[in-house]
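Asker:
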Amino acid sequence: MAAINRDDVAHLARLAHIEMSAEELDRMAGELAVIVESVKSVSEAAGDDVPATSHPIPLSNVFREDVVGHTFTADQALSGAPDSDENRFKVPAILDEA
Amino acid sequence: MTETNSTQLIRLSAAQLAEKLAAREITSVEVVQAHLDRIAAVDGGERGVNAFLHVNTEEALAVAAEVDAIRAAGGAAAEELHELAGVPIAVKDLIVTIGQPTTAGSKILEGWHSPYDATVVKRLRDAKMPILGKTNLDEFAMGSSTEHSAYGPTRNPWDLDRIPGGSGGGSAAAVAAFEAPLALGTDTGGSIRQPGAVTGTVGVKPTYGSVSRYGAIAMASSLDQIGPVTRTVLDSALLHEVIGGHDPFDSTSLPDPLEDLVAAARLGNVEGMRIGIIKELHGEGYQAGVENRFNDSLELLRQAGAEIVEVSCPNFQYALGAYYLIMPSEASSNLAKFDGVRYGLRVLPEDGPMTIERVMGATRAAGFGDEVKRRIILGTYALSAGYYDAYYGSAQKVRTLVQRDFDAAFTVADVLISPTAPTTAFKLGEKLDDPLAMYLNDVATIPANLAGVPGLSLPGGLADEDGLPVGIQLLAPARQDARLYRVGAVLESLLEVKWGGPLLAQAPSLAASPVVDPAAMLVDAKEAK
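Top to bottom, those sequences are chains A and B. 112 is the number of the first residue of the first sequence in the numbering used here; add one for each residue after it. 507 is the number of the first residue of the second sequence in the numbering used here; add one for each residue after it.
(1) Using the rule of at least 16 other Cβ atoms within 10 Å of the residue's Cβ for burial, across every protein chain shown, is His654 (chain B) buried or exposed?
(2) From Tyr945 (chain B) to Val593 (chain B), what does the alpha carbon distance come to, in whole angstroms?
(3) Please list, in chain order, the residues of the stretch 742-764 of chain B that have any C-beta partner in chain D closer than 9 Å.
(4) Count the other CB atoms, across all protein chains shown, that sit within 10 Å of the CB of Ser757 (chain B); report buried if there are 16 or more and exposed otherwise.
(5) Per DSSP, what kind of secondary structure is Lys613 (chain B) in: helix, strand or coil?
(6) Take Lys151 (chain A) as the anchor and find which of B:Glu747, B:Gln823 and B:Leu854 has the nearest alpha-carbon.
(7) Within the stretch 880-927 of chain B, note down every full beta strand (DSSP E) run reaching 3 residues or more, in order along the chain.
(8) Measure the C-alpha to C-alpha separation of Ala770 (chain B) and Lys933 (chain B) and round it to an integer number of angstroms.
(9) Go through its chain and collect everything with a Cβ distance to Ile516 (chain B)'s Cβ below 7 Å, but skip five positions before and after it.
(10) If you follow the beta strand (DSSP E) that Ala596 (chain B) is part of, which residue opens it and which one closes it?
(11) Please compile the residues from chain A whose C-beta is within a distance smaller than 7 Å of the C-beta of Pro983 (chain B).
(12) With a cut-off of 8 Å on the beta carbons, I'd call Val557 (chain B) and Thr609 (chain B) a contact; round off their distance for me.
(13) Give me the residue from B:Ala678, B:Asp741 and B:Leu807 with the minimum Cα distance to Val996 (chain B).
(14) Could you tell me whether the Cβ atoms of Pro960 (chain B) and Asp940 (chain B) are closer together than 7 Å?
(15) Could one say the Cβ of Gly721 (chain B) lies closer than 7 Å to chain A's Cβ atoms, at least one of them?
(16) Starting from Gly733 (chain B), trace the beta strand (DSSP E) both ways and give me its first and last residue.
(17) Judging by CA-CA distance, which residue of B:Ala703, B:Asp857, B:Ala570 and B:Gly617 is the nearest neighbour of Leu527 (chain B)?
(18) Does the beta carbon of Pro193 (chain A) come closer than 7 Å to any beta carbon on chain B?
(19) Just to confirm, are Leu956 (chain B) and Val708 (chain B) a CB contact at a threshold of 7 Å?
(20) Let me know the secondary structure DSSP gives Val686 (chain B) once reduced to three states.
(21) May I have the straight-line CA-CA distance separating Ala615 (chain B) from Glu130 (chain A), to the nearest angstrom?
(22) Which complete beta strand (DSSP E) runs does the stretch 145-172 of chain A hold, if anything under 3 residues is left out?
(23) Within 10 angstroms of the Cβ of Asp845 (chain B), are there 16 or more other Cβ atoms? Answer buried if so, exposed if not.
(24) May I ask you to list the residues that DSSP assigns as paired with Phe646 (chain B)?
(25) Could you work out which residue in B:Arg719, B:Ala633 and B:Ile595 is closest to Glu572 (chain B) when comparing CA atoms only?
(26) Would you call the CB atoms of Leu590 (chain B) and Ile784 (chain B) closer than 7 Å?
(27) Would you call the CB atoms of Thr694 (chain B) and Met725 (chain B) closer than 7 Å?
(28) Excluding the five sequence neighbours on either side, which residues of its own chain have a C-beta within less than 8 Å of the C-beta of Asp574 (chain B), listed in chain order?
(29) Looking at C-alpha atoms only, which residue of B:Leu907, B:Gln809 and B:Glu998 is the closest neighbour of Val739 (chain B)?
(30) Using three-state DSSP, classify Glu998 (chain B) as helix, strand or coil.
(31) Can you list, in chain order, the residues of its chain whose CB lies under 7 Å from that of Met860 (chain B), leaving out five sequence neighbours each side?
(32) Count the C-beta pairs between the stretch 878-893 of chain B and the stretch 135-144 of chain A that are closer than 8 Å, then say yes if the count reaches three, no if not.
(33) What residues in the stretch 860-871 of chain B have a beta carbon less than 7 Å from any beta carbon of chain A?
(34) Express the C-alpha separation of Tyr849 (chain B) and Val993 (chain B) in angstroms, rounding to a whole number.
(35) Measuring only the C-alpha atoms, how far is Val548 (chain B) from Arg668 (chain B)?
(36) At what residue ranges does the stretch 806-892 of chain B contain a whole run of the beta strand (DSSP E), taking only runs of 3 or more?
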């Protein structure tokens, strides 16, 4: 497995929508390199014959009756929104040409 | 009520309070007021415990008054009151509540009020348990010291210069400092049990799915579990029964109820039970005083008629690594919802085009602390194309291996035992610049989360070298939480005979701070930050 470098962190930060300063990228790259190195052994622990576990206590086919249950009013749903307009969440432009 | 009575009231366990309330020897308003006074006396100011982010004075007193009125009127309504009605509780600020702010210890949710109650909170309300307030935590429950809280660290009541553990350091410290008899925590990798260990309190991570997660702000959904934080094993069993049971709002909620936990805590014998020492979870890397207290507990259990056996869980060596891949992967996905659109903070970029993507980037940069950013980046990395199989995929396989180790161990032992944490409480700031050293605190607690099995930490005494509390961890097979309460209560009573009373009786009194108005105290605490 490749080590993690500053360019990787910059790319990942973009994917995760977190703006980072140059200083932050440097520091984060150093810290993450140590952490990634320490978890490397995990990839050698299990052979191909070991199945993956995604959930500790699997339950299957968890359904409920197809009826309207608890719902929020528009006011409740918008109560914590930074900005709203006419019962909708209001956001800045979603396209670059704004 | 005299000051002496108030001091005595806060020292009672929840079970004792419940008994006195039912007998009408005391009122719930007295009990709640005594705890509010204690919070005002020890929680605020520069050297305060800082266990609470919000104190819910009015509502707590109103619920208490309602319970008192029902009891005073007598009749069917009084008969139908829950056993713990009128006994107050603190709630970790990761769990959402109507009428009180929920911050998750993060700036990104500062001032946010949930439009709904978590299922566990609803159950507290149904039982008419007054909620004293919301407790401090590492931001989004990410940490082992509460130093990652955006609202300042909580201090350990045993030594105010030391960490109270994390992420649920606020809940553990509140209970240890007699600011609340009960609290709720959440445990993703040890966030209930490790704070319990370092503050000399009891903490339980129930079987995954046995307590609803609905309304607990998710960090890692396949690992997170809400559970009790208390001063006695019996109190944890009582609280576990209030909050547990099936919930249709959580699709991972187990449909069948657990065995009677309170009865198990009251059983009072461990004769013939097989208790397994996990070879990999003590010895090298564990502080000498921790090891000594661990051995004391083994000896007491042996004397009580338990059979002590040794088990080996060789794959536990990979558990920490697997955890630090699975947890950030799930967290990076769960925390994507904090984007400055639906709730919480919105920060606009200082210059350049005002697009939603740039607003998200600026909001998350300003709203999240370093540890949260680290874990989001790490999780994004572990899930990216080209690395997924090697990291996330391998970690999920390790999860299977850890489960197999537990399965094998539970064929020769009914309950497993280990120290809860490798060391006693460290100094504030000591590990803040070394994330990896911080992560090692959870080495003994993480396997239970990976496998979904229940774990309980109880005080095992004070370490010789520093006089600080040591935690003993008990682990049982999934759905067998009752065994933890059975063994835990017996060990607790044997240890208390040895100590001549509860371990917390030996903690500093913290009583020196002047009594101030709680509302003023919160303003002060905020300004200090």
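C-beta: ideal position from N, C-alpha, C; glycine also.
Answerer: Reading off the structure:
(1) Counting from one through the second sequence, the residue named residue 654 (chain B) turns up at place 148. Per the 10 Å Cβ criterion, buried.
(2) By 1-based counting over the second sequence, the position of residue 945 (chain B) is 439. By 1-based counting over the second sequence, the position of residue 593 (chain B) is 87. Rounded to whole angstroms, Tyr945 (chain B) to Val593 (chain B) spans 35 Å at the Cα level.
(3) No chain D appears in this structure, whose protein chains are A and B.
(4) By one-based count along the second sequence, residue 757 (chain B) stands at place 251. Per the 10 Å Cβ criterion, exposed.
(5) Residue mapping note: residue 613 (chain B) aligns to position 107 of the second sequence, counting from 1. Of the three classes helix, strand and coil, the one that applies to Lys613 (chain B) here is helix, per DSSP.
(6) Within the first sequence, residue 151 (chain A) is the residue found at index 40, counting from 1. For Lys151 (chain A), the nearest C-alpha among the options comes from B:Gln823.
(7) 921-925
(8) By 1-based counting over the second sequence, the position of residue 770 (chain B) is 264. By 1-based counting over the second sequence, the position of residue 933 (chain B) is 427. Their backbone Cα atoms lie some 37 Å apart in a straight line.
(9) Numbered from 1 along the second sequence, position 10 holds the residue referred to as residue 516 (chain B). The answer, listed in chain order, is Ala540, His541, Arg544 and Phe684.
(10) For the purposes of this step, residue 596 (chain B) is taken as residue 90 along the second sequence, with counting starting at 1. Counting along the chain, the beta strand (DSSP E) containing Ala596 (chain B) begins and ends at Ile595 to Lys598.
(11) In the second sequence, the residue the question calls residue 983 (chain B) occupies position 477. Simply none; closest approach about 11 Å.
(12) Stepping through the second sequence from its first residue, residue 557 (chain B) is reached at position 51. Stepping through the second sequence from its first residue, residue 609 (chain B) is reached at position 103. In the sequence on display, residue 557 (chain B) carries Ala and not Val. At roughly 14 Å, the Cβ-Cβ gap does not stay under 8 Å, so Ala557 (chain B) and Thr609 (chain B) are not in contact.
(13) The count along the second sequence starts at 1 and reaches residue 996 (chain B) at position 490. Measuring from the Cα of Val996 (chain B), the nearest candidate turns out to be B:Leu807.
(14) In the second sequence, the residue the question calls residue 960 (chain B) occupies position 454. In the second sequence, the residue the question calls residue 940 (chain B) occupies position 434. No, these two residues do not count as a Cβ contact at 7 Å.
(15) Counting from one through the second sequence, the residue named residue 721 (chain B) turns up at place 215. No, Gly721 (chain B) lies away from the interface with chain A (no Cβ there is under 7 Å from its Cβ).
(16) Numbered from 1 along the second sequence, position 227 holds the residue referred to as residue 733 (chain B). Counting along the chain, the beta strand (DSSP E) containing Gly733 (chain B) begins and ends at Ile732 to Thr736.
(17) The residue labelled residue 527 (chain B) in the question sits at position 21 within the second sequence. If we check each option's Cα against that of Leu527 (chain B), B:Ala570 comes out closest.
(18) Locating residue 193 (chain A) in the first sequence gives position 82, where the first residue counts as 1. Yes - at least one Cβ of chain B is within 7 Å of the one on Pro193 (chain A).
(19) Taking the first residue of the second sequence as 1, we reach residue 956 (chain B) at position 450. Taking the first residue of the second sequence as 1, we reach residue 708 (chain B) at position 202. Contact flag unset, no.
(20) Residue mapping note: residue 686 (chain B) aligns to position 180 of the second sequence, counting from 1. The displayed chain sequence assigns Ala, not Val, to residue 686 (chain B). Coil at Ala686 (chain B), not helix or strand.
(21) For the purposes of this step, residue 615 (chain B) is identified with residue 109 of the second sequence, where counting begins at 1. For the purposes of this step, residue 130 (chain A) is identified with residue 19 of the first sequence, where counting begins at 1. Contrary to the premise, residue 615 (chain B) reads as Leu rather than Ala in this sequence. So the alpha carbons of these two residues sit roughly 18 Å apart.
(22) none
(23) Here residue 845 (chain B) corresponds to residue number 339 of the second sequence, with the count starting at 1. Its Cβ being crowded by 16 or more others within 10 Å, Asp845 (chain B) is buried.
(24) Here residue 646 (chain B) refers to the residue found at position 140 when the second sequence is read from its first residue. For Phe646 (chain B), which the question treats as bridged, DSSP gives no partner whatsoever.
(25) Along the second sequence, read from residue 1 onward, the residue named residue 572 (chain B) stands at position 66. Cα-wise, what sits closest to Glu572 (chain B) is B:Ala633.
(26) Against the second sequence, residue 590 (chain B) aligns to sequence position 84. Against the second sequence, residue 784 (chain B) aligns to sequence position 278. Their beta carbons are not under 7 Å apart, which means Leu590 (chain B) does not touch Ile784 (chain B) by this criterion.
(27) Taking the first residue of the second sequence as 1, we reach residue 694 (chain B) at position 188. Taking the first residue of the second sequence as 1, we reach residue 725 (chain B) at position 219. A contact, by the Cβ cut-off of 7 Å.
(28) Looking up residue 574 (chain B) in the second sequence gives position 68. Around Asp574 (chain B): Thr533, Ser534, Val535 and Gly592.
(29) Within the second sequence, the letter at position 233 stands for residue 739 (chain B). Among B:Leu907, B:Gln809 and B:Glu998, the Cα nearest to that of Val739 (chain B) is on B:Glu998.
(30) Against the second sequence, residue 998 (chain B) aligns to sequence position 492. Note: Glu998 (chain B) maps to helix in three-state DSSP.
(31) By 1-based counting over the second sequence, the position of residue 860 (chain B) is 354. Once the five neighbours on either side are set aside, the close Cβ partners of Met860 (chain B) are Leu854.
(32) yes
(33) Met860, Thr861, Ile862, Glu863, Val865, Met866, Gly867, Ala868, Arg870 and Ala871
(34) As a working mapping, residue 993 (chain B) is identified with position 487 in the second sequence. As a working mapping, residue 849 (chain B) is identified with position 343 in the second sequence. Cα-Cα distance, rounded: 44 Å.
(35) Here residue 548 (chain B) corresponds to residue number 42 of the second sequence, with the count starting at 1. Here residue 668 (chain B) corresponds to residue number 162 of the second sequence, with the count starting at 1. Spanning the two alpha carbons is a distance of roughly 16 Å.
(36) 813-817
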